[in-house]
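Residue numbering for the sequence shown follows my numbering, beginning at 43 and increasing consecutively.
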Amino acid sequence: MVKSGLPAAVHADELLAQSGISYTTLRFPWLNDRDEIKYQLTHRNEPYVGVSGSRQSMADVIVKIIADPTFLANDSVGIADAATQGETRPVY
């Protein structure tokens with residue numbers, strides 16, 4: 043299901059990168075309700091690490107971007123808990 047939308051997402055990200063506007067694309071994993079802030083960031087063209095991440099972790103990254111708009115500017119950023127790498131199902 044997600045994989046079928048990947049080419050369109052990659053194309054949209056390429057268009058943003060070529061547009062000249064300031065942007066940040068956030069690539070979220072399966073979200074979980076764990077009470078933790080624990081994540082690893084990956085950048086454009088780096089392998090995505092992890093399959094799940096807490097909602098608190100996603101919010102932490104978003105708050106950092108709001109506080110400093112240059113943080114992760116003009117990048118496609120993957121956010122996930124590296125400890126979930128290799129899991130076959132989302133970790134809730």
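We put the beta carbon where it would ideally sit given N, CA and C, even for glycine.
For residue 97, the uninterrupted alpha helix (DSSP H) segment begins and ends at 97-109. Annotation: residue 85 to residue 76 spans about 24 Å, alpha carbon to alpha carbon. In its chain, beyond the 5 residues on either side, 78, 79, 80, 81, 121 and 123 have a beta carbon closer than 8 Å to the beta carbon of residue 99. Going by DSSP, residue 73 is part of the beta strand (DSSP E) stretching over 72-74. Considering only 107, 70, 106 and 88, the residue with the shortest C-alpha distance to residue 95 is 70. Rounded to the nearest angstrom, the gap between the Cα atoms of residue 46 and residue 52 is 11 Å. For a cut-off of 8 Å, the C-beta gap from residue 114 to residue 107 is around 6 Å, short enough to register as a contact.
Taken atom to atom, the span from the alpha-carbon of residue 126 to that of residue 63 is near 34 Å. Here residue 128 is exposed. Its C-beta has fewer than 16 other C-beta atoms within 10 Å.
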